[in-house]
Amino acid sequence: MSSASPRSAYSSFSPGRIWTMATHTVTQLIRMRILVFMGIISIVIVIAAFAFPAVSPEQQLKLLKDWTFGALQVFFVIIAIAATGLLIPRDLEDRTLYTTLSKPVPRYEYLIGKLLGVMLLLGGGLLLMDLVFSLMLYVKQSLIISSQIAALEKEQAATPENIAFIKDLNSRFGLTYSLHGAVWAIFLKASVVAAVSLLISCFASSTLFTILVGMAFVIAGQGQALLREWFLDKMSGFWQKALSGAIAIFCPDLTLFDLAEPAIRGEVIPLGVLTEVSGIALLYIVGYTSVAYLFFVEKEL
Amino acid sequence: MKNKILAVILLVTMGVAKVPLEDRVAATLKAADLRDAPVALSLRETVSQMAFAAALGGLRSLVASITYLRAYVAFEDRDWGRVDSLMTLTTRMQPREAMYWDEAAWHMAYNAATSTQQREDLRAAIRNKDFRDYVLRGLKIVQEGLVYNPNNPKLLVREAEIYRDRLKDPRPAAEAFLLAAKSGAKPFYERMGAYELVKLGEPPDLQQAYEILKRHYDKGFRYPSVLRDLDILERKLNIPAAQRVGQPLPPSPQPRRK
Chain A
1 MSSASPRSAY SSFSPGRIWT MATHTVTQLI RMRILVFMGI ISIVIVIAAF AFPAVSPEQQ
61 LKLLKDWTFG ALQVFFVIIA IAATGLLIPR DLEDRTLYTT LSKPVPRYEY LIGKLLGVML
121 LLGGGLLLMD LVFSLMLYVK QSLIISSQIA ALEKEQAATP ENIAFIKDLN SRFGLTYSLH
181 GAVWAIFLKA SVVAAVSLLI SCFASSTLFT ILVGMAFVIA GQGQALLREW FLDKMSGFWQ
241 KALSGAIAIF CPDLTLFDLA EPAIRGEVIP LGVLTEVSGI ALLYIVGYTS VAYLFFVEKE
301 L
Chain B
302 MKNKILAVIL LVTMGVAKVP LEDRVAATLK AADLRDAPVA LSLRETVSQM AFAAALGGLR
362 SLVASITYLR AYVAFEDRDW GRVDSLMTLT TRMQPREAMY WDEAAWHMAY NAATSTQQRE
422 DLRAAIRNKD FRDYVLRGLK IVQEGLVYNP NNPKLLVREA EIYRDRLKDP RPAAEAFLLA
482 AKSGAKPFYE RMGAYELVKL GEPPDLQQAY EILKRHYDKG FRYPSVLRDL DILERKLNIP
542 AAQRVGQPLP PSPQPRRK
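Residue numbers (my numbering), protein chains in the order written: chain A, 1 to 301; chain B, 302 to 559.
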């Protein structure tokens, strides 16, 4: 008999177990009708694509991008906070947490699996939304270009120079690779927010508390630059300075992920910038999840 | 308890370590021209609480498009004061979006100014004063936009058009048209600049206008306006007859009497 004993077959870190946990979390979240949110965003995109015919072509494209990115940012940050905040209380309520942790599943694997599940849902959802958005933007851009060329032909001004100018202008304001970079930045922001929410939910007494504190972190994270300027430059005194320091230390700087505005403006987001932003997001996610684990390991269940 | 203390220590350590990294990424974004300045605190006086919160939440672009659409409704209602204040909000939210500055200037210098001129309930002197005030407001908007978007061809063209069409001032109009052409506007605007130089009538201006128009003529742009101004310039600059290409425009036909 050469079979290994059950103890020696057990690995203290198993990507397979984490993946099972993650896919289960995705199923769990989909059952919570998260897809309804995505349906609403799709409707916003379609409305934004055809609701503003009165303004100039450039503005029509810009409004479509503004409304889409606005909807994506709001919805996915809300999904990140609410979905993560609901996970542990729901598992406690359903008692699945006890059956999971009574098996040889370390608590860190449980937490990583949960976070990965939320990130998979966020990533999948954003990928889907990016596809819908890209399609709508491309259709809108093509319609605008053909109508402008038709107008030029009517005015007998459809010179190659004018047609090239129209195509160039619309492609700058239309679909670009940088827009996908901005969608990636939204994914990173939502993932960081999910990690922060996971940390809060590890010591929170209720889901509502997690959601409210999570929202407070998002607002503080978005206003970091402004708050730092306000507290550090315009306030004096120990407590004011301490408050500014605490904000800087505890909150992630979420403005680092705000790449939608330049992308909408038609500016190019270099790969190097995306790499750096991804790096800092990874740091936040690993950091907050590690702290979450230290709280969770002592949590009485 | 030990783990909780450890958690707090880790959180603080990570927090202290992340600040310089955040500053580094912020500097990279700034160097790549991808980071806007935070919304000025003074803006809070003019933006509603909700809009301010949304602006903080990375949604400046969305808030700006909402105020822009409200300005468009005010434009349809010909409520010029409201158009001005809403477009000011829009441009403040997104100062690097040249389109907003351009449209705000156009509303004031063209729509509002023309609308005032059409008001029959006002005395002529008041109408003229209001007209000029709106035109100057439009000019101020476009010049402020150029501070945030230096040498933006769209804004330079708008500035030039306001000088040319509304203020009848050829010198700054010519300068703005020529700078716009240099900064990436269509070559057509270089000719516009040359036409303005012709109006000035000074020898150096005429010489510069001649060089521009002759260059365009040689490239094949032989439009009536080019031929007309080349004719004027060749005569004023005493270009030898053999080298002249300009043609005076035929006199416009007199309206027939019934």
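Backbone N, C-alpha and C fix where the C-beta goes; we use that ideal spot for every residue, glycine too.
It should be emphasised that the depicted structure is a prediction, and the values quoted were computed from it without experimental measurement.
Contact with chain A by residue i, beta-carbon distance below 8 Å
i: Lys319(B); result: yes
i: Met493(B); result: no
i: Met400(B); result: yes
i: Asn304(B); result: yes
i: Leu311(B); result: yes
i: Arg516(B); result: no
i: Ser526(B); result: no
i: Ser366(B); result: yes
Neighbour list for residue i in chain B, Cβ cutoff strictly below 7 Å
i: Glu267(A); result: Asp334, Leu335
Chain B within 8 Å of residue i, Cβ atoms only
i: Ile47(A); result: no
i: Pro359(A); result: Beyond the ends of chain A as shown, which are 1 and 301, falls residue 359(A); an answer cannot be given.
i: Trp67(A); result: yes
i: Val291(A); result: yes
i: Gly287(A); result: yes
i: Glu109(A); result: no
i: Phe295(A); result: yes
i: Gly237(A); result: no
i: Leu101(A); result: no
i: Asp253(A); result: yes
i: Glu300(A); result: no
i: Leu307(A); result: In the structure as shown, chain A begins at 1 and stops at 301. Residue 307(A) is therefore absent and cannot be evaluated.
Partner residues on chain A for residue i, Cβ-Cβ distance less than 7 Å
i: Thr329(B); result: Val273, Glu276
i: Arg361(B); result: Glu261
i: Ala308(B); result: Val291, Leu294, Phe295
i: Arg397(B); result: Arg265
Residue i versus residue j: straight-line alpha-carbon distance, rounded
i: Arg438(B); j: Ile112(A); result: 58 Å
i: Pro505(B); j: Leu534(B); result: 11 Å
i: Tyr177(A); j: Ser171(A); result: 11 Å
i: Trp56(A); j: Leu363(B); result: A small fix is needed here, since residue 56(A) is Ser in this sequence, not Trp. Rounded to the nearest angstrom, the two C-alpha atoms are 17 Å apart.
i: Glu491(B); j: Phe522(B); result: 12 Å
i: Lys103(A); j: Gln73(A); result: 38 Å
i: Ile219(A); j: Leu254(A); result: 9 Å
i: Thr84(A); j: Val273(A); result: 28 Å
i: Gln395(B); j: Arg95(A); result: 50 Å
i: Val36(A); j: Arg107(A); result: 31 Å
i: Asn452(B); j: Leu480(B); result: 7 Å
i: Ala413(B); j: Trp381(B); result: 6 Å
i: Leu335(B); j: His180(A); result: 15 Å
i: Gly547(B); j: Lys65(A); result: 49 Å
i: Ile200(A); j: Leu311(B); result: 15 Å
i: Tyr98(A); j: Ile367(B); result: 49 Å
Reduced DSSP secondary structure (H/G/I, E/B, other) of residue i
i: Lys62(A); result: helix
i: Gln224(A); result: helix
i: Glu251(A); result: The sequence given here has Cys at residue 251(A), not Glu. It is coil, neither helix nor strand.
i: Ser386(B); result: helix
i: Glu404(B); result: helix
i: Gln548(B); result: coil
i: Met38(A); result: helix
i: Thr368(B); result: helix
i: Asn429(B); result: helix
i: Gly113(A); result: helix
i: Thr275(A); result: helix
i: Arg472(B); result: helix
i: Asp506(B); result: helix
i: Ser134(A); result: helix
i: Phe13(A); result: coil
i: Asn452(B); result: coil
i: Asp378(B); result: coil
i: Ala486(B); result: coil
Interface partners of residue i on chain B, CB under 9 Å
i: Ile280(A); result: Lys319, Leu322, Glu323, Arg325, Val326
i: Leu283(A); result: Met315, Ala318, Lys319, Leu322
i: Leu303(A); result: Outside the shown range of chain A (1 to 301) lies residue 303(A), about which nothing can therefore be said.
i: Gly214(A); result: Going along chain B, no residue has its Cβ under 9 Å from Gly214(A), so there is no contact; the nearest lies around 13 Å.
Interface partners of residue i on chain A, CB under 9 Å
i: Ala481(B); result: Result: empty, since nearest Cβ-Cβ is about 14 Å, beyond 9 Å.
i: Lys487(B); result: Glu161, Asn162, Phe165
Neighbour list for residue i in chain B, Cβ cutoff strictly below 8 Å
i: Leu248(A); result: A small correction: the amino acid at residue 248(A) is Ala; Leu does not occupy that position in the sequence shown. Result: Gly316, Val320.
i: Glu58(A); result: Met400
i: Pro270(A); result: Ala333
Any non-hydrogen atom of the ligand FMN within 7 Å of residue i CB
i: Lys189(A); result: No copy of the ligand FMN occurs in the structure displayed, which carries no ligand at all.
Please give me, in chain order, every unbroken run of the alpha helix (DSSP H) with length at least 4 that falls completely inside the segment 509-545 of chain B.
525-537
Taking only runs of the alpha helix (DSSP H) that begin and end inside the segment 57-111 of chain A, which ones reach a length of at least 4 residues, in chain order?
57-94, 96-102
Kindly provide the ranges of any alpha helix (DSSP H) runs that are 4 or more residues long and lie completely inside the segment 158-209 of chain A, ordered along the chain.
Segments of the alpha helix (DSSP H) lying fully in the segment 158-209 of chain A: 160-173, 177-203.
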